[in-house]
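Below is one structure, written out as structure tokens; comments come after it.
Chains as they are written, first to last, in the numbering used here: chain A, 1 to 991; chain B, 992 to 1255.
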């Protein structure tokens, strides 16, 4: 055993130590004089002293900046020393790479079963108490769910007392056990079996499974396979995973009795009635454009004659609440595998992330001990996205971050990935999936461990103070990138027939779904490679260990496929065969452990019967008091400086948005590269000027008033952001992503019927708005049970719908950014401003939410979008900024200071519905509006292009770096310098 | 030579700007091929069949332990002879970002006295402690014999995307030697060509050093990404400035192609 400590030489800046020190002081408010960081490598292999010396010198320490110490203390002083490393069994990426480095360096094979464990040692100096040390450790440096830590006081002999963590304990003699479960029991016991096993199956489902195992034909067949009449744990687990809310979308497919205003309506599946029906209606006119919708891991639409584009957004909420870094990184690499597993697989060209967190300044005192502070969650998630996105080499081009106290207990982490694929590969349409009986089942990429067991069913229960870490894991982006590269080669060589990802439910889900194409499968589970010994057959079958794909490889291609993977250092293992037997048949060491009718697994689940009752919230508009210019200017500054609106540059710059070289409209634009883009434009092929626009729409505040308005607004916002950067409104596709509390009424969930009614209303809006704007849904996701049980209280998130949009930019040379371009340009407001301050940021300043939530008039919106797009195609628009949070005032201010210019606006000229008070004109968040600037020469042509739409010239861009907005009688409403507005906007998250 | 120069764009676990580099070399008139390191190690592909070796950006082996370190060791222990022969034949090597990190940890840069396997400088964590994606200005040293930066007289504008880009030489003598030999090929400056603190020097590099070459000028590495500014629409302000169709970064790749055409 060698413990190698690698420390910086004197005089070398410890950037990580400095950053930790800053966080201890700023976030934990503990004064610390200095923080020094030391990398620790614990090498378990039986290396000689000389070999350890070579490894330390030539691999672990940088000769210019670092010293190393083998089995000895560094001798550096400390008041407190804290060492943090992953617990056994948690993926230690650096440890794995170090093993490979040692093998290269010493030209040896590292002994099987041995590992390198890495940890970080922090030496802190200052006047620190023992309690401070624990707070620093648990509040910042270590997550005790997945990390091991040790704390020493001044003068301690760290070398002598450090606990050596080397890897999961080796089981002396592992015996695979397959348990049989007796379901011939009372209803209460059935429920208890489901609850104890985290199966998340309800009574009806449990009864149905019980009855299946009473069927004589089933029992006969089982007997022939050597199975008794009781289900095995492998079988029960598979049914639980396959029938989980996560995999089957039971709520979206339920029969619902919906009551609103005393009227009762029966809805047979929200998904079919609203989401899919919208797409089907739109498809009548856009049939050729839609390529593959709802049937695969991601939606597919046409890019041009030769290419398709692919898009999927997922949530990774529960894991991110428990371990923000691991949760986010697995969220990213997980959603990457959706486009990678769509059709026969696509290239990954962009990421987009949307987060909802508690406020970063949330009181530490009010925070329950079991909940991580919002700032820590924010920073951890951000780091996870950095490591997931940057390391895999996918540009993070767009996103949003929202803050609200409602997300303190249940943060939302939406991760999306876009793909790009040739329409035809090796003579076949690339978006189709097909498996022949006889094709081999191959698992590639990572190995299987206990990490991530029960992710699918875990997402169907509320978090509570005792939630375990089993469902949390750390992603390994490089393992996935290697696999991605190898599979690309295999795809071009035509070495496999079908591919899908291992996500929720692991192999049980990926093999199960693919076997539907051939009609069955036979799996030899013991062949699946393990991270470490000791997994029971059921764990192997449902583990959600990351970075794995499942493929169907024709027997004649298997040798070439496996050889290619080996040459790329990618593990690939044949674990079985696809059949047409109609059975899912799983064996372990030759013995059958699962034998289920494919039809029962996939079609046997009965629909839920749910009730929904809409109880409108009795909201009122606040009384309007007279406001003066100083108050209005102050309000604008406060809105710009609110966490939701303020600059996210600190986050954005830590994501690579340049990689792949396709960036056309970056997340930050303008004269100082710091203005907020409405959407991203990328150019997937450098030799073509056709582009893709990406944007998001989300506004949970509106949902607190009415989820119908929330959903309609989210769709409109996503689409208008696409239009704002140059996307064609007639070529926009959208994804829905619903995050809700538990919408199933029960004794313990008395307002479940209202939450379901909120979902119904949101879906109605989805249908109406999508059809009205002609934007089809192509895929989606839902996440219920975003609730936290604190004592006897259940805290649910507000209904939150994210709409993610992808659109075509016919010519990227005509893309438009939001920054004002030149003094003298005319400023226009496009779209009607209405008395719609409900849910606005202006109301939020004073703690109101109001009633008049913004609505969407899709007919006028679409007409405006088409006309504006036409003007952009003609090159008539200098800048265009979406008008949303903070209304016209905020949009104009952002456009001006991003351009380093001023604006003089007479807001009384803006087109309105009815007569509006000044603050409504300034801050109303009515949908379907833009602030646009147009050069003097283009004004006539621009107005001609927009004729028939609500628009007005309201002022001009000035060179004086000041925003001045006047009202009806010429009175000044807002007057402020760019510098103070920009500062208000940039300061809050400039960490 | 008359035919298109052949570029080997090295692929290894975690390399991710291989496609970007391939695009840049293709635009510059080369025939660029992405080749996996294992295909070189097992002899399926031969380095000597190419005139330019490109080490692209990315996170080779996750940048675990230290950026570029593990890939550098792989090159050192598995492809040393091929590499030395390649450089000895007067061919070109370019490393960008992670490729540059690999080169300094391997020792092929600065390659004092033709010793291409000794580490004299390093690239380490940015002073900010953060990975950063931002655009920077670079001034090319007219005294350098670097073939990649020849004739570039104006300040050029390119992005950086890295967390470990701070250049540190072993000691003052090393720095003096780099300067004396004209091996410092590119420095971080502002748009007027003047040195400055953060973010003009985005990572705290000693003496603002952004890129160095070997003594021959044929081996060159830099932290910023010239391959990400080869067309106008990659510029962060292309919608508000009058710009040439061709991005500033392309000149570096064109220089390499021209050199091979003329000299090899």
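We treat Cβ as the ideally placed atom computed from N, Cα and C, and that holds for glycine. Predicted model, so just to flag it, every value in this text is computed and none were measured.
| Check | Outcome |
| --- | --- |
| C-beta neighbour in chain A for residue 1064 of chain B, strict 9 Å | yes |
| Residue 1185 of chain B burial status per 10 Å Cβ neighbour count (16 or more: buried) | exposed |
| Three-pair Cβ contact test at 8 Å for the stretch 911-929 of chain A versus the stretch 669-685 of chain A | no |
| Residue 82 of chain A - DSSP class collapsed to helix/strand/coil | strand |
| Residue 351 of chain A - partner residues in DSSP beta bridges | A/396, A/417 |
| Nearest-angstrom Cα separation, counted from residue 1170 of chain B out to residue 1093 of chain B | 21 Å |
| Partners in chain A for residue 1216 of chain B, counting only beta-carbon separations shorter than 8 Å | 658 |
| Any 3 or more C-beta pairs closer than 8 Å across the stretch 89-102 of chain A and the stretch 1034-1051 of chain B | no |
| Short CB-CB distance (under 9 Å) between residue 104 of chain A and chain B | yes |
| Unbroken stretches of the beta strand (DSSP E), 3 residues or longer, contained in the stretch 736-815 of chain A | 777-783, 787-790, 793-796, 800-809 |
| Contact set between the stretch 1045-1063 of chain B and chain A, restricted to residues whose Cβ is under 9 Å from the partner | 1048, 1049, 1050, 1051, 1052, 1053, 1054, 1055, 1056, 1057, 1060, 1061 |
| Proximity test, Cβ basis, 9 Å: residue 1222 of chain B and chain A | yes |
| Proximity to residue 697 of chain A [Cα-Cα], best of A/805, A/556, A/630, A/606 | A/805 |
| Any chain B beta carbon closer than 9 Å to residue 64 of chain A | yes |
| Residue 238 of chain A vs residue 601 of chain A beta-carbon contact at 9 Å | yes |
| Option nearest residue 492 of chain A by Cα separation, candidates A/649, A/346, A/625, A/391 | A/346 |
| Contact between the stretch 391-402 of chain A and the stretch 298-306 of chain A (3+ Cβ pairs under 8 Å) | no |
| Nonlocal neighbours in the same chain, by C-beta distance under 7 Å from residue 988 of chain A, ignoring five residues either side | 641, 643, 646 |
| Neighbouring residues, chain A, relative to residue 1013 of chain B (Cβ below 8 Å) | Going along chain A, no residue has its Cβ under 8 Å from residue 1013 of chain B, so there is no contact; the nearest lies around 10 Å. |
| Members of the stretch 1113-1129 of chain B that neighbour chain A once the beta carbon cut-off is set at 8 Å | 1113, 1115, 1116, 1117, 1118, 1119, 1120, 1121, 1122, 1123, 1124, 1125, 1126 |
| Residues near residue 581 of chain A by beta carbon distance below 6 Å, same chain, minus five either side | 520 |
| Near the ligand NAD: residue 1150 of chain B beta-carbon under 8 Å from a heavy atom | Questions concerning the ligand NAD fall outside what the structure shown contains, since it holds no ligand whatsoever. |
| Residue 467 of chain A, DSSP secondary structure in three states | Confidence is the limiting factor: at residue 467 of chain A the pLDDT is only 49, short of 50, which leaves the residue's position unreliable and the question unanswerable from this model. |
| Pairwise C-alpha distance: residue 21 of chain A and residue 1033 of chain B | 47 Å |
| Bridge partner(s) assigned by DSSP for residue 1042 of chain B | Paired residues: none, contrary to the question. |
| Sequence-distant residues of the same chain with beta carbon closer than 8 Å to residue 622 of chain A, five excluded per side | 843, 846, 848, 850 |
| Nearest-angstrom beta carbon gap, residue 476 of chain A and residue 570 of chain A [assumed within contact, 8 Å] | 12 Å between Cβ atoms; not a contact. |
| Proximity test, Cβ basis, 9 Å: residue 1090 of chain B and chain A | no |
| C-alpha distance - residue 777 of chain A paired with residue 807 of chain A, whole-angstrom precision | 12 Å |
| Min CB distance residue 1100 of chain B to chain A below 9 Å | no |
| Contacting positions in the stretch 746-765 of chain A - beta carbon closer than 9 Å to chain B | none |
| Three-state secondary structure (DSSP) of residue 888 of chain A | helix |
| Simplified DSSP state of residue 159 of chain A, which is helix, strand or coil | helix |
| CB-CB length for residue 825 of chain A against residue 933 of chain A, believed under 8 Å | 4 Å |
| Cβ of residue 1207 of chain B within 9 Å of any chain A Cβ | no |
| For residue 1251 of chain B and residue 1207 of chain B, the rounded distance between their alpha carbons | 14 Å |
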